[in-house]
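Protein chains: 2
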Amino acid sequence: MNQPKRYLNIVSEMRDMIREQNIRPGDRIPSERELAEKLAVGRSTIREALRSLELLGLIETRRGEGTFLADPRKHRLVELLATFILQDTKTLEDVRETMCIHETAAIQAICASDASKLPVWESLRERLDGHEFIREDFVRELMVLSGNRLSLKIWFLLKQYGGNPYDGEVMPEERPLLKNILHAIEQQDAETAIRDFKAWSSVLIKGENAQWQ
Amino acid sequence: MNQPKRYLNIVSEMRDMIREQNIRPGDRIPSERELAEKLAVGRSTIREALRSLELLGLIETRRGEGTFLADPRKHRLVELLATFILQDTKTLEDVRETMCIHETAAIQAICASDASKLPVWESLRERLDGHEFIREDFVRELMVLSGNRLSLKIWFLLKQYGGNPYDGEVMPEERPLLKNILHAIEQQDAETAIRDFKAWSSVLIKGENAQWQ
DNA sequence: TTTTGAAAGTGGTCTGACCACTAATCTTTC
DNA sequence: GAAAGATTAGTGGTCAGACCACTTTCAAAA
Numbered sequence: 076m077n078q079p080k081r082y083l084n085i086v087s088e089m090r091d092m093i094r095e096q097n098i099r100p101g102d103r104i105p106s107e108r109e110l111a112e113k114l115a116v117g118r119s120t121i122r123e124a125l126r127s128l129e130l131l132g133l134i135e136t137r138r139g140e141g142t143f144l145a146d147p148r149k150h151r152l153v154e155l156l157a158t159f160i161l162q163d164t165k166t167l168e169d170v171r172e173t174m175c176i177h178e179t180a181a182i183q184a185i186c187a188s189d190a191s192k193l194p195v196w197e198s199l200r201e202r203l204d205g206h207e208f209i210r211e212d213f214v215r216e217l218m219v220l221s222g223n224r225l226s227l228k229i230w231f232l233l234k235q236y237g238g239n240p241y242d243g244e245v246m247p248e249e250r251p252l253l254k255n256i257l258h259a260i261e262q263q264d265a266e267t268a269i270r271d272f273k274a275w276s277s278v279l280i281k282g283e284n285a286q287w288q
Numbered sequence: 076m077n078q079p080k081r082y083l084n085i086v087s088e089m090r091d092m093i094r095e096q097n098i099r100p101g102d103r104i105p106s107e108r109e110l111a112e113k114l115a116v117g118r119s120t121i122r123e124a125l126r127s128l129e130l131l132g133l134i135e136t137r138r139g140e141g142t143f144l145a146d147p148r149k150h151r152l153v154e155l156l157a158t159f160i161l162q163d164t165k166t167l168e169d170v171r172e173t174m175c176i177h178e179t180a181a182i183q184a185i186c187a188s189d190a191s192k193l194p195v196w197e198s199l200r201e202r203l204d205g206h207e208f209i210r211e212d213f214v215r216e217l218m219v220l221s222g223n224r225l226s227l228k229i230w231f232l233l234k235q236y237g238g239n240p241y242d243g244e245v246m247p248e249e250r251p252l253l254k255n256i257l258h259a260i261e262q263q264d265a266e267t268a269i270r271d272f273k274a275w276s277s278v279l280i281k282g283e284n285a286q287w288q
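Line by line, the protein sequences give chains G and Y.
Numbering-wise, the first sequence is residues 76 to 288 according to my numbering.
Numbering-wise, the second sequence is residues 76 to 288 according to my numbering.
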């Protein structure tokens, strides 16, 4: 009979230990040697468990310092999922379309919430007039302000896989359109904001920026 | 300067090897000792990489036999998502919201395309009247008909992870609402379809089906 | 007081040694 | 010759010990 693998026990024991001792993100976890002694197993077994958790982004290890519980924002499960989802369904068109789905949903969410009244918009408008304002920053700001971290994470991944359509900095000709979007959001006019946003992004995608390069 | 960790290299080299040599699910992977020699690293390093992949369910190891590429259906990513992240309620909220984003986007896409004229809708209406029509089938049909396979796949994963709100079969009281949705789609009236859809799903989620159980 | 450098502790890696288990092969027995 | 049993090679599972590279600490030297 195959015995259950020890390193899997270690994984769950670690999880219990973290909960019981109320270890919080950023806190240090006992060293590998300590854990090996405490749990009465070899250090290599401990390491197999820790490396598994590290691949998931649940812990961070820093040579010479120790092992630390990772910030939940650094969890890599979604990334790992992405590498497998996008294996077979990596039609570029689907990726772009799905990005757009998340972007418009973000605008919709912002318009429906108090975020539309934040002072962020004014400062965004000012940064827009300055030099070196990257297109991606504009969209990312919207995704962040939507308040849905999962959606933000998915969007970020799609951007990496689908080739970033928001590469490069905002050209003077684009500014009026972007300002219209900001204005519509402040007015909580989702419909207009989304229409203008789609007008902007479709030029970037279809025209390969030819119009504004 | 901290060097990149070798076991991570191994992980990606393994992925490349699997693709290049066209190893398929169920096939055997070279033994740990072979891999160690071929990649010029210690066996323990190989094991750290393999154990990580095993925790994800990407490979299976059988003592005395060897290591095998796992069937994609055995991938444990979703399960891991649940065990490690589900505690945070905000995350669960994000999952539900992101599901909704994809669902409404699907309805929007259908209404804007020729799919709204397909004979599917009539047959769907008929199945709705029959017995044993599972709620999930209804939504999945919409996701499929949207034509965005990536969006469908993301939706499917979110459903597993976030607890399926569309569990159980359609109750008689729900049918009018669902028929309204179908009708609105056929009329390409996305706004009405989405409003009614949200009305339906919000009852399922918030009310925990109490109203219709 | 500041600087330096030695020491202790940590993760990263390798080696070699067992153990438990499987499957193929060989040997014995009928 | 065929079936049953024993042997053996190969595999993953685990452990112990040894280095290395790196960080932090703290006491000694300037």
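Idealized CB from N, CA, C, for every residue including glycine.
In this text, all values refer to a predicted model and were calculated from it rather than measured experimentally.
Q: Mind listing the chain G neighbours of residue 195 of chain Y? Cutoff is C-beta to C-beta under 9 Å, in chain order.
A: Using a Cβ-Cβ cut-off of 9 Å, residue 195 of chain Y is close to nothing in chain G; its nearest Cβ partner there is about 21 Å away.
Q: Tell me, please, whether the region 255–271 of chain Y touches the region 168–184 of chain Y by the rule of three or more beta-carbon pairs shorter than 8 Å.
A: The region 255–271 of chain Y vs the region 168–184 of chain Y: in contact.
Q: Measuring only between beta-carbons, confirm whether residue 270 of chain G sits less than 9 Å from chain Y.
A: Not closer than 9 Å to any Cβ of chain Y, the Cβ of residue 270 of chain G fails to qualify, so no.
Q. What's the gap between the Cα of residue 254 of chain G and the Cα of residue 246 of chain G?
A. Near 13 Å, if we compare the C-alpha coordinates of residue 246 of chain G and residue 254 of chain G.
Q | Under the three-state DSSP convention, the category residue 171 of chain G falls into | A | Helix.
Q: Have a look at residue 144 of chain G and residue 264 of chain G and give me their C-alpha separation to the nearest angstrom.
A: Between residue 144 of chain G and residue 264 of chain G, the alpha-carbon positions lie close to 42 Å from each other.
Q | Counted within 10 angstroms of its Cβ, other Cβ atoms place residue 228 of chain G as buried (16 or more) or exposed | A | Buried is the call here.
Q.
Would residue 223 of chain Y and residue 129 of chain G be called neighbours here (beta carbons separated by less than 9 Å)?
A. No, Cβ-Cβ distance for residue 223 of chain Y and residue 129 of chain G is not below 9 Å.
**Q.** Buried/exposed call for residue 240 of chain Y, threshold 16 Cβ in 10 Å
**A.** Residue 240 of chain Y is buried by the Cβ-count criterion.
**Q.** Contact between the region 93–107 of chain G and the region 101–120 of chain Y (3+ Cβ pairs under 8 Å)
**A.** Flag = no, the region 93–107 of chain G and the region 101–120 of chain Y do not touch.
Q: Could you name the residues of the same chain whose beta carbon sits closer than 6 Å to that of residue 98 of chain G, not counting the 5 residues immediately before and after it, in chain order?
A: Around residue 98 of chain G: 144.
Q: Output yes if chain Y places a C-beta closer than 9 Å to the C-beta of residue 129 of chain G; else output no.
A: Chain Y contact via Cβ: present.
Q: Starting from residue 267 of chain G, find everything on chain Y with Cβ-Cβ shorter than 9 Å and list it in chain order.
A: One finds nothing in chain Y with a Cβ atom closer than 9 Å to the Cβ of residue 267 of chain G; even the nearest lies about 15 Å away.
Q. If you draw a straight line from the alpha carbon of residue 225 of chain G to that of residue 134 of chain G, how long is it in whole angstroms?
A. Taking the straight line from one Cα to the other gives about 20 Å.
Q: Report the three-state DSSP secondary structure of residue 244 of chain Y (helix, strand or coil).
A: In the structure shown, residue 244 of chain Y sits in a strand (DSSP, three-state: E or B).
Q) Since residue 276 of chain Y meets chain G, which of its residues come closer than 7 Å, beta carbon to beta carbon? A) The premise fails here: residue 276 of chain Y is roughly 15 Å from chain G at the closest Cβ pair, so nothing lies under 7 Å.
Q: Select from G:249, G:150, G:80 the residue whose C-alpha is nearest the C-alpha of residue 116 of chain G.
A: Minimum Cα distance to residue 116 of chain G is reached at G:80.
Q: With DSSP as the reference, label residue 135 of chain G as helix, strand or coil.
A: Residue 135 of chain G falls in the strand class under three-state DSSP.
Q: Answer with buried or exposed for residue 234 of chain Y, where buried requires no fewer than 16 other C-beta atoms within 10 angstroms of its C-beta.
A: Residue 234 of chain Y should be labelled buried.
Q: Determine whether the Cβ of residue 288 of chain G lies closer than 9 Å to any Cβ atom of chain Y.
A: For residue 288 of chain G, the pLDDT reaches just 49, beneath the cut-off of 50, and the residue's location in the model is therefore unreliable, leaving the point undetermined.
(Q) Buried or exposed for residue 167 of chain G, going by 16 or more other Cβ atoms inside 10 Å? (A) Here residue 167 of chain G is exposed: its Cβ has fewer than 16 other Cβ atoms, across all protein chains shown, within 10 Å.
Q) When you compare only the Cα positions, how much space is there between residue 196 of chain G and residue 202 of chain G? A) In this structure, the straight-line span from the alpha carbon of residue 196 of chain G to that of residue 202 of chain G is close to 10 Å.
Q: Below 6 Å CB to CB, which residues in the same chain sit around residue 279 of chain G once its five sequence neighbours on both sides are set aside?
A: 240, listed in sequence order.
Q: Output, in sequence order along the chain, the residues in the region 229–244 of chain G whose CB is closer than 9 Å to any CB in chain Y.
A: Within the region 229–244 of chain G, the residues whose Cβ lies closer than 9 Å to some Cβ of chain Y are 229, 233, listed in chain order.
Q) For residue 144 of chain G, which residues does DSSP report across the bridge? A) When DSSP reads this structure, residue 144 of chain G sits in a beta bridge with G:134.
Q: Could you tell me whether the region 89–96 of chain Y touches the region 204–221 of chain G, using the rule of 3 or more Cβ pairs below 8 Å?
A: Cβ pair count under 8 Å is below three, so no.
Q | Under the three-state DSSP convention, the category residue 229 of chain G falls into | A | Three-state result, residue 229 of chain G: helix.
Q | Where residue 176 of chain Y meets chain G, residues with beta-carbon distance less than 7 Å | A | Those within 7 Å of residue 176 of chain Y in chain G are 176, 177, 180, 226.
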